[in-house]
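Here's the structure we're looking at; comments come further down.
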Amino acid sequence: MSKERNTKRDLVYTVKNRCRVCYTCVRECPAKAIKIINGQAEVLNERCIVCGNCTKVCSQGAKVFLNTTDNVFDLLKSNKKKYSNSSAEFSCRI
Ligand code: SF4
Ligand code: SF4
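Spelled out as structure tokens, the structure:
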């Protein structure tokens with residue numbers, strides 16, 4: 033299965049070739065942040081509160097969180113200087 037790149041760096045997005053346009057995520061999104069656009073269930077980034085509900089209810093695995101784990105491991109393996117922010121908190125758009 034092909035992996036779609038999230039070029040906009042949205043925290044939650046749709047893997048388009050997995051979406052079967054069943055409307056489950058549209059109905060279950062508490063922020064009404066998902067719309068069918070051009071035949072695909074798209075996350076409206078400006079409305080999304082990053083609750084993750086759509087990633088749980090989609091039976092096709094078409095809603096996913098942005099995963100930067102590989103980037104972090106690549107950075108740790110590199111010789112570049114690394115900085116850490118111990119006061120960082122996970123933010124939620126409300
Ligand atoms: S629940 Fe999954 S398959 Fe159904 S519309 Fe949403 S993203 Fe597409
Ligand atoms: S993460 Fe939550 S708010 Fe964002 S699109 Fe999914 S269900 Fe809606």
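Those letters in the sequence shown? Residues 33 to 126, by the numbering used here.
Don't be surprised by glycine CBs; every beta carbon is placed ideally from N, CA and C.
Since this is a predicted model, take the numbers as computed values, not measurements.
Rounded to whole angstroms, what's the CA-CA distance from residue i to residue j? Just pull it up for me.
i: M33; j: V82; result: The pLDDT assigned to M33 is 41, lower than 50, so where the model puts this residue is not dependable, and the model offers no usable value.
i: T101; j: G71; result: 30 Å
i: K112; j: Q92; result: 38 Å
i: L107; j: K114; result: 8 Å
i: V44; j: E60; result: 15 Å
i: S110; j: C54; result: 43 Å
i: K88; j: K64; result: 16 Å
i: F105; j: A73; result: 31 Å
In chain order, what residues of the same chain have a beta carbon less than 8 Å from the beta carbon of residue i, not counting five sequence neighbours either side?
i: P62; result: I81, C83 and N85
i: R79; result: A63, K64 and A65
Excluding the 5 residues preceding and the 5 following residue i in the sequence, name in chain order all residues of the same chain whose CB lies nearer than 7 Å to its CB.
i: D42; result: V75, N77 and L98
i: A94; result: T46, V47, R50 and C51
i: C90; result: T56 and C57
I'd like to confirm the pairing. Which residues does DSSP put opposite residue i in its beta bridges?
i: Q72; result: I69
i: F151; result: Residue 151 lies beyond the residue range present for the chain, which begins at 33 and ends at 126; the question has no answer from this structure.
Do residue j and residue i have their beta-carbon atoms positioned less than 7 Å apart in this structure?
i: I69; j: V58; result: no
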